[in-house]
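Single-structure report; data block below.
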Amino acid sequence: RKEVEQDPGPFNVPEGATVAFNCTYSNSASQSFFWYRQDCRKEPKLLMSVYSSGNEDGRFTAQLNRASQYISLLIRDSKLSDSATYLCVVKRGDQAGTALIFGKGTTLSVSS
Amino acid sequence: DVKVTQSSRYLVKRTGEKVFLECVQDMDHENMFWYRQDPGLGLRLIYFSYDVKMKEKGDIPEGYSVSREKKERFSLILESASTNQTSMYLCASSFLGNQPQHFGDGTRLSIL
Chain A
2 RKEVEQDPGP FNVPEGATVA FNCTYSNSAS QSFFWYRQDC RKEPKLLMSV YSSGNEDGRF
62 TAQLNRASQY ISLLIRDSKL SDSATYLCVV KRGDQAGTAL IFGKGTTLSV SS
Chain B
72 DVKVTQSSRY LVKRTGEKVF LECVQDMDHE NMFWYRQDPG LGLRLIYFSY DVKMKEKGDI
132 PEGYSVSREK KERFSLILES ASTNQTSMYL CASSFLGNQP QHFGDGTRLS IL
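First to last, the sequence lines map onto chains A and B. The first sequence begins at 2 in our numbering and counts up one residue at a time. The second sequence begins at 72 in our numbering and counts up one residue at a time.
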């Protein structure tokens, strides 16, 4: 089982749609979780951290289910500018210098 | 704002050459990372460092080495470049602990 798994998509949705991405991770000792966004031929950029209680940032909501080792990202009222690849990211542990593990990404295409 | 600077956006080298990719960050981050990103494979960690002169192997260190002589600078070295090292190389940095990483713009390296 891969350490971080995502549905690669692509997800093709109209403007205004609500879309949800899921991600599972295999290491139960994982401590920190993030969603990154990557535009075509650009570097990944942090979209939001994911907290145990769930968190929201505008149209974006992130949820974490530690028991099921599952992370989700919900985008409401999709905009054309949301078109990108969304990377689920997990930190393996809490030790100094522990690396992040990236999923392969889910591609979203929002059309008018 | 965090700034991670990679020395080149595009680089073309020949098989067998020794190649240096440089990365500098200006936020006094302890952690620095080198990834490569290939279609269908996502981001894969090559090496990382959590302190000056410290280095740790990532998931795919073969054919690479690194150098961290100063806190702000992390160099990736291809000892003898091969065509299968043609890729997008991304440098990132972060504070210790559960902090997200910030990426440079990437270097698109072609080995002919």
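Glycine included, C-beta positions come from ideal geometry on N, C-alpha and C.
- In this structure, B/F119 lies near B/F104, with their beta-carbon atoms less than 8 angstroms apart.
- The beta carbon of B/G129 lies closer than 7 angstroms to those of L116, I117, Y118 and F119 in the same chain, with the five residues before and after it left out.
- Comparing alpha carbon positions, the residue from A/S113, A/N28, A/S110 and A/I102 closest to B/G113 is A/I102.
- Judged by beta-carbon spacing, B/K89 lies within the 8 angstroms limit of B/S151, meaning their Cβ atoms are closer than that value.
- Contacts between A/K105 and chain B, judged by CB atoms closer than 9 angstroms, involve G111, L112, G113 and L114 in chain order.
- Between B/E143 and B/V95, the gap from beta carbon to beta carbon is short of 8 angstroms.
- Chain B places no beta carbon closer than 8 angstroms to that of A/F22, leaving this residue out of the contacts.
- Against B/D72, chain A offers no close residue; the least beta-carbon distance is about 12 angstroms (beta-carbon pairs closer than 8 angstroms).
- As DSSP reads the structure, B/G113 sits in a beta bridge with B/D109.
- As the crow flies, the alpha-carbon of B/Y160 is around 12 angstroms from that of A/P45.
- Taking a beta-carbon distance threshold of 8 angstroms, B/Q96 does not count as an interface residue toward chain A.
- Under the three-state reduction of DSSP output, A/S82 falls in the helix class.
- In the three-state reduction of the DSSP assignment, A/T107 falls in the strand class.
- Flagged as an interface residue toward chain B: A/P45, by a C-beta distance shorter than 8 angstroms.
- With fewer than 16 other Cβ atoms from the protein chains shown falling within 10 Å of its own Cβ, A/Y52 counts as exposed.
- Here B/E140 is not near B/D122, since their CB atoms are 8 angstroms or more apart.
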